[in-house]
Amino acid sequence: MQDEKTKELAYDANEIPVGVGTVQDTGSNHGLQRQLRPRHLQMIAIGGVIGTGLFLGTASDLKNGGPAGLLIGYCIMASLLYSVMVALGEMVSQFPIPGGQFALAGRFNSPELGFAMGILFWYNCIVVLPAEISAAAVLVTFWTPAGQADSTCSTGICNNAMWVGLMLIVVFAINYAGTRVFGEMEFWFCSIKVVTIIGLIITGVIISAGGGPNHEAIGFKFWHETGGFTQYEGIAGSKGRFLGFFSVLINAAFAFIGSEITAIAAAETSNPRRNVPQAIKSVWIRLVLFYICSAFLIGLLVSPSDPSLSLSSTAAKSPFVIAIQNSGISVLPSIINAALLTSAWSAGTADLFVSSRTLYGLATRGHAPKIFLKTREDGFPWVCFLFCGAFSFLSFMAAAHGEAGKVFGYFSNMTAMCGMISWTGILWTSIRWNKGLKAQGIDRKTLPYMAPLQPYLSYCSFYKIQVHAGGTNFCGFSDGISICVMVIIFGGFGSFMPTFDASTFVTTYFPIPFFAVLFFGYKFWNKSKMVDYANMDFVTGSSIEVTEKISGTGRWLSAREPKCCIGVKDGKIQSLANSFTDDELAGTEIIDADKCCIGVKDGKIQSLANSFTDDELAGTEIIDAEGGYVMPGGVDAHVHLCQDLKTGPHGLGGECSDNFETGSRSAVAGGTTTIITFATQTRAEEDRSLLKVAERYNARAEETGSYVDYGFHIIIVRNDADILENELPVLIKDWGISSCKLFLTYATQRLTDSQMLDVMFAARKNSITTMIHAENGDMIEWLTEKLESKGMVAPYYHALSRPPLVEGEATNRAIALAQLIQNPILFVHVGSVLGAANVRRAQTMGLPVYAETCPQYFHLTWDDLKRFHSPTCFENSKMICSPPPPPTAADHEELFVGLSNGTFTIYSSDHCPFRYDHPHGKPSGVLEHEASMEGEKPCSGDELQDLLGRKGGAFRFIPNGIPGVETRLPLLYTGALASGRITPQRFVELTSTNPAKLYGLYPKKGALMPGSDADFVIWHPEKTFSPFNLTNSMLHHNVDYTPYEGMRFENWPRYTILRGKVMWANGKITGKVRDGEYVKRGPSQLGPVSSRAARDTRTVADWLYE
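Taken in order, the sequence shown gives residues 1 to 1106; the numbers are from the UniProt record's numbering.
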């Protein structure tokens, strides 16, 4: 049951926007890419799915329902579609996630509905493609002998199989060429449709008025002949007229189905927050201009009794072609038929596109095999394409003589029924979406698109048409969902008249039991439940997170889009401008970043421009970035330097091997320009004063100096009321220390829940950010004792003493404590999927809960704790950190999702260096272990290494921590940026901007704007950089190993610049150890408690602050 619950919690975490980070496969998967441009989406929204349903399907609609029945049926369906599209548009513009409407249904309604809608929508897509191709085969017969009345021709050009095959080749070729080609072709196909329909409307008006060659003014001739309605299957009276009208609804549904392509295409659309609403707003054009006007004109121009309207006839034609032909125009019918044929091609192409992307969306949610996640480098889901394309061969059912129209009817009925079920799900999801927004206090005005008349439009569709037809009046106000349900239940009534037609019955009603099996099967198998309004996820995959992909390189990057030029003076950015004068540039040092050039004067940035003249460059030192990325300098907010944590029984262990000189040297070599380290309080009486703790650690920094700017967090292990009351304000005012760290583990540091509340309450009053090391200390101690009783004490068993549930319980508990007193918190080094899920759930509730993660949780696993020689080898102690790495590599992929979708706010190193050759480092795991030291004597040097080779030690006494400040940025570049899991902007947010905001350094650090420090990291150009395998000898820390030994790196910082001074260049330290300065910090600039999270008095002690 726990596994099932975990699956349910993680369900929505996989619904993420492409381009920001997609679920990755271990194979060749690069994720979908946003290659559809605004004009593509606009034209697809207007005419993308207009195809044979309108151009050919209206033939049977007119025949069965008459001109009035046709018009009323299309008006009802138009009102219903408008309701569906604006409701869907509001949701998908906020969440342009793979899977579109069914992904939204799973998130805001219930998992079983999302699953069933997804499978049914995919099934609908693979069925409608053969329908379009079959219809195209009908249109081709206009030019062949097979199109003549009572023709028996079935060979050569009369063979439908040949035309079906040729059309499938075109459909396959356009899709295989990729999303950008599809977008271009659909743009032109849709343009042809739009021009054709406008031309047909104009032509129809002219013909109706008598402007055709025969000069016959038609007017309302056919309305008068039939009274507007036909008698369905010869059934007399109002019953026959009503059945004729009702038969139009199911066929009209086929013409309208597929408009949801906008939701599916949103996942591959650039800037969906702007472009999707623009596309949705064009829906009314399609409804009024295309469908309603066309239906009205068809009713004017063609008699319902025209024999060519029968799709079962070999002479079947589009009503538009029939009208033009009857008017006496000789050439135009062929031109129009050709245009209609391109529309069938277009619709077929779109159907294959949507079906393949739907299947990909299902795979991202775990509802289809993982193999369907494979894509080409350009993001084309080739496995999905091949699988879905195989179903298109059902089109060859239309190859039999005279059968194309009948096959089209089968597929169109099935498609319409699937569409009605899908529309019902969309409307119901929209209703729950609105209730969820209201329950969580989210103002709809903050959405990128606010649909009109919601949620009422989802309940009801409006039409008001009154037609007097032989004593029958139609005037209505219709419930949108009721229309769908009515059509679903009664849409196949035609299969019973005049006699029972088993083929029509099965093809029409099969989707209903199919949907029921999917829905209830998923529900019973997974024991899923309706999503509670308070738990709806209105965060993951938001279009706010989607940024335009940067084309090319050589651009400077920040978390927001920059202007062109930056002027810097005295280490501060003074101005932003489009350009600077020659005088302003004179005598500057210029850093060339390909299209952007940064001018630096007196060690400060003076300007940034597209280019400089030779005169401007004269006498300057030029640093050519050659197209490499230029980013704000890294801010590493979790670094341990000069810390003494001697917690063993004999006073060994826990002495950090890096001081401020060696640690900062390593940081600057890895692209980091600012570090925040820890000033650690102990429970000794002399450490009672937090101010004295800060003084002691600052003295250590001043003793050696630093290559980078630095600050301190304060670690608090006591809840002395007077110290909290009197010294926290001084820490803020005099020292600029605005963050504290609390522990839920380690006997010498952890606090009880009551003590935690004391410190958190005091921190909140002083606007101090609370950091929490979340592991359940009691669980760890209990598991450790059980492991020791079984003799399981080797380094590998450190991981078994800290399973993910240890972090999961502690994060849940800390969130509850923080919620109680409305205190923002940050969880440090979150390394488990369970811990990340807890954080995400709290964020969804509107709580100010943030999470930090670290490189080891994306590159190491439990297996790395038995990497060396044998599982019991003590050298595996090099890999011990806490929390330990995740159990398997599968966890890495889920954590990467959190990295891209905002679950993780910052990405730090947790650099905690302990040497393997020093008694106060990792060897204390042996030296402190009495069983290992029996008969041995304390030793060092070669004797110590000999001892470590003979003894296994005990993981309890091994200091927790690994080095990583230098490899932090390169690891993220290689593992996430180069692989496409995150964008360059997200990289900057995680490593620079967000840490600066969270810890009160912004905009001094982590930004490129007026007043900001001129800190930069410049990367090697990817095209010229040679990947390499790392060895510890390449690094600059004071540690004798790296956990990433042998790992392949795709890039490394080429330059690191601190306040305008080049500190690291081409593999060498160029700055001085005292170039770094202490930085005071202010309060956190990330969000406070959400108003909707603070309302519930059942979870929040509001009275504390009255």
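Using N, Cα and C, we set each Cβ at its ideal position, and we do this for glycine too.
Could you give the distance in angstroms between the alpha-carbon of methionine 631 and the alpha-carbon of valine 988?
-> Translated into the one-based positions of the sequence shown, residue 631 becomes position 631. Translated into the one-based positions of the sequence shown, residue 988 becomes position 988. Distance from the CA of methionine 631 to the CA of valine 988, rounded to the nearest whole angstrom, comes to 7 Å.
When burial is assigned at 16 or more other CB atoms within 10 Å of the CB, is lysine 445 buried or exposed?
-> For the purposes of this step, residue 445 is identified with residue 445 of the sequence shown, where counting begins at 1. Exposed, because fewer than 16 other Cβ atoms sit within 10 Å of the Cβ of lysine 445.
Output yes or no for whether 9 Å exceeds the beta carbon distance between tyrosine 697 and alanine 679.
-> By one-based count along the sequence shown, residue 697 stands at place 697. By one-based count along the sequence shown, residue 679 stands at place 679. Yes, the Cβ-Cβ distance between tyrosine 697 and alanine 679 is below 9 Å.
What is the DSSP secondary structure of serine 551, reduced to helix, strand or coil?
-> Translated into positions along the sequence shown, residue 551 becomes position 551. A caution first: serine 551 carries a pLDDT of 30, below 50, which makes its placement in the model too unreliable to give a value.
If proline 855 and threonine 769 are in contact, beta carbons under 8 Å, what's the gap, nearest whole angstrom?
-> The residue you call residue 855 lines up with position 855 of the sequence shown. The residue you call residue 769 lines up with position 769 of the sequence shown. Their Cβ separation, rounded to whole angstroms, is 22 Å, which puts proline 855 and threonine 769 out of contact at 8 Å.
Can you have a look at glutamate 966 and say buried or exposed, based on whether 16 or more other CB atoms are within 10 angstroms of its CB?
-> For the purposes of this step, residue 966 is identified with residue 966 of the sequence shown, where counting begins at 1. Buried.
Among the residues of its own chain, which have a CB less than 7 Å from the CB of isoleucine 371, if the five just before and after it don't count?
-> Here residue 371 corresponds to residue number 371 of the sequence shown, with the count starting at 1. Hits under 7 Å: Val383.
Considering residue 1107, what are the terminal residues of the beta strand (DSSP E) in which it resides?
-> The chain is shown from 1 up to 1106; residue 1107 falls before or after that span and cannot be answered.
Would you kindly report the start and end of the unbroken alpha helix (DSSP H) that includes serine 739?
-> As a working note, residue 739 is residue 739 in the sequence shown. It is not in any alpha helix (DSSP H) - serine 739 instead sits in the beta strand (DSSP E) that spans 739-743.
Other residues of its chain near tryptophan 223: CB distance less than 6 Å, five sequence neighbours each side excluded | As a position in the sequence shown, residue 223 is number 223, starting the count at 1. Same-chain partners within the cutoff: Pro67.
What are the boundary residues of the beta strand (DSSP E) that includes proline 982?
-> Residue numbering aside, residue 982 sits at position 982 when the sequence shown is read from its first letter. Sequence check: residue 982 is isoleucine here, not proline. No beta strand (DSSP E) contains isoleucine 982, which DSSP labels as neither H nor E.
Do serine 664 and valine 708 have their C-beta atoms within less than 9 Å of each other?
-> Sequence index remark: in the sequence shown, residue 664 carries index 664 (1-based). Sequence index remark: in the sequence shown, residue 708 carries index 708 (1-based). It is a contact, given that the beta carbons lie within the stated cut-off.
Paired residues, beta bridge with glycine 654 - DSSP = Locating residue 654 in the sequence shown gives position 654, counting from the first residue. Partner residues in a beta bridge of glycine 654, as assigned by DSSP, do not exist.
Between the CA atoms of glycine 389 and leucine 166 - distance to the nearest angstrom = Residue mapping note: residue 166 aligns to position 166 of the sequence shown, counting from 1. Residue mapping note: residue 389 aligns to position 389 of the sequence shown, counting from 1. One C-alpha to the other measures close to 14 Å.
Three-state secondary structure (DSSP) at glycine 736?
-> As a working mapping, residue 736 is identified with position 736 in the sequence shown. Three-state DSSP puts glycine 736 in coil, outside helix and strand.
Among the residues of its own chain, which have a CB less than 6 Å from the CB of tyrosine 533, if the five just before and after it don't count?
-> As a working mapping, residue 533 is identified with position 533 in the sequence shown. Closer than 6 Å at Cβ, skipping near neighbours: Lys435, Gly436 and Ala439.
Out of curiosity, what's the CA-to-CA distance linking cysteine 475 and leucine 249?
-> On the sequence shown, residue 475 is found 475 positions in, with the first residue counted as 1. On the sequence shown, residue 249 is found 249 positions in, with the first residue counted as 1. Confidence is the limiting factor: at cysteine 475 the pLDDT is only 38, short of 50, which leaves the residue's position unreliable, though a coordinate-based value still follows. Roughly 16 Å between the two C-alpha positions.
Alpha carbon to alpha carbon, what distance is there between methionine 497 and serine 505?
-> Looking up residue 505 in the sequence shown gives position 505. Looking up residue 497 in the sequence shown gives position 497. First, the residue type needs correcting, since residue 505 is phenylalanine and not serine in the sequence shown. Separation of phenylalanine 505 and methionine 497 (C-alpha to C-alpha, rounded to the nearest whole angstrom) is 11 Å.
For asparagine 214, is the classification buried or exposed, using 16 other Cβ atoms within 10 angstroms of its Cβ as the cut-off for buried?
-> Mapped onto the sequence shown, residue 214 falls at position 214. Around the beta-carbon of asparagine 214, fewer than 16 other beta-carbon atoms lie within 10 Å, marking it exposed.
Are isoleucine 218 and glycine 210 close, meaning C-beta to C-beta below 9 Å?
-> Within the sequence shown, numbered from 1, the residue matching residue 218 stands at position 218. Within the sequence shown, numbered from 1, the residue matching residue 210 stands at position 210. For isoleucine 218 and glycine 210, yes; Cβs fall inside 9 Å.
For glutamate 775, which of helix, strand or coil comes out of DSSP?
-> Translated into positions along the sequence shown, residue 775 becomes position 775. If DSSP states are grouped into helix, strand and coil, glutamate 775 belongs with coil.
Under 8 Å by Cβ, that's how I've got threonine 677 and valine 639 pegged, so tell me the actual separation to the nearest angstrom.
-> The residue labelled residue 677 in the question sits at position 677 within the sequence shown. The residue labelled residue 639 in the question sits at position 639 within the sequence shown. Between valine 639 and threonine 677 the Cβ distance is about 5 Å, and since that is below 8 Å, they are a contact.
Through-space distance from valine 128 to leucine 120, alpha-carbon basis | Residue mapping note: residue 120 aligns to position 120 of the sequence shown, counting from 1. Residue mapping note: residue 128 aligns to position 128 of the sequence shown, counting from 1. If I take the Cα positions, the gap works out to 12 Å.
Tell me whether proline 1083 sits in a helix, a strand or coil according to DSSP, three-state version.
-> Within the sequence shown, the letter at position 1083 stands for residue 1083. Proline 1083 falls in the coil class under three-state DSSP.
Under 7 Å Cβ to Cβ from valine 839, same chain only, skipping five residues before and after it: list those, please.
-> Your numbering for residue 839 matches position 839 in the sequence shown. Within the same chain, valine 839 has close Cβ partners Thr811, Phe827, Val830, Val849, Ala851 and Thr903.
Nearest-angstrom Cα separation, counted from leucine 394 out to alanine 404 | For this step, residue 404 is matched to residue 404 along the sequence shown. For this step, residue 394 is matched to residue 394 along the sequence shown. The predicted position of alanine 404 is uncertain, since its pLDDT is 48 and thus under 50; no value can be drawn from it.
Under three-state DSSP, which class holds tyrosine 850?
-> Reading the sequence shown from its first residue, position 850 is the one you call residue 850. Three-state DSSP puts tyrosine 850 in a strand.
Rounded to the nearest angstrom, how far is the Cβ of valine 487 from that of alanine 253, given a contact under 8 Å?
-> Within the sequence shown, the letter at position 487 stands for residue 487. Within the sequence shown, the letter at position 253 stands for residue 253. Yes, they are in contact, since the Cβ atoms of valine 487 and alanine 253 sit about 6 Å apart, within 8 Å.
Anticipated Cβ contact below 8 Å, threonine 674 with lysine 1005, distance rounded | As a first step, residue 674 must be located in the sequence shown, where it is residue number 674. As a first step, residue 1005 must be located in the sequence shown, where it is residue number 1005. Sure, about 5 Å apart at Cβ, within 8 Å.
To the nearest angstrom, how far is it from the Cα of threonine 547 to the Cα of tyrosine 232?
-> Mapped onto the sequence shown, residue 547 falls at position 547. Mapped onto the sequence shown, residue 232 falls at position 232. For threonine 547, the pLDDT reaches just 37, beneath the cut-off of 50, and the residue's location in the model is therefore unreliable, although a value from the coordinates is still provided. So the two alpha carbons sit approximately 55 Å from each other.
Nearest neighbour of serine 343, chosen from Phe296, Val140, Gly240 and His367 [CA to CA] | Against the sequence shown, residue 343 aligns to sequence position 343. Sorting Phe296, Val140, Gly240 and His367 by C-alpha distance to the C-alpha of serine 343 places Val140 at the top.
For histidine 929 versus valine 1073, is the C-beta spacing smaller than 9 Å?
-> Your numbering for residue 929 matches position 929 in the sequence shown. Your numbering for residue 1073 matches position 1073 in the sequence shown. Contact flag unset, no.
Own chain partners of threonine 301 with C-beta closer than 7 Å, once the 5 adjacent residues on each side are dropped = Position 301 of the sequence shown, counted from the start, is the residue given in the question as residue 301. Looking at the sequence itself, residue 301 is leucine, so the reference to threonine does not match. Cβ neighbours of leucine 301 within its own chain (closer than 7 Å, five residues either side excluded): Gly204, Ile207, Ser208, Ile218 and Ala323.
Should glutamate 186 be labelled buried (16 or more other beta-carbon atoms within 10 Å of its own) or exposed?
-> Your numbering for residue 186 matches position 186 in the sequence shown. Label assigned to glutamate 186: buried.
Determine the direct distance from the alpha carbon of phenylalanine 242 to that of glutamate 4, and round the result to whole angstroms.
-> Here residue 4 corresponds to residue number 4 of the sequence shown, with the count starting at 1. Here residue 242 corresponds to residue number 242 of the sequence shown, with the count starting at 1. Its pLDDT being 34, under 50, glutamate 4 is placed unreliably by the model, and nothing is read from it.
Note down, in chain order, each residue of its chain lying with its Cβ closer than 7 Å to the Cβ of tryptophan 1103, except the 5 sequence neighbours on either side.
-> Reading the sequence shown from its first residue, position 1103 is the one you call residue 1103. Around tryptophan 1103: no qualifying Cβ.
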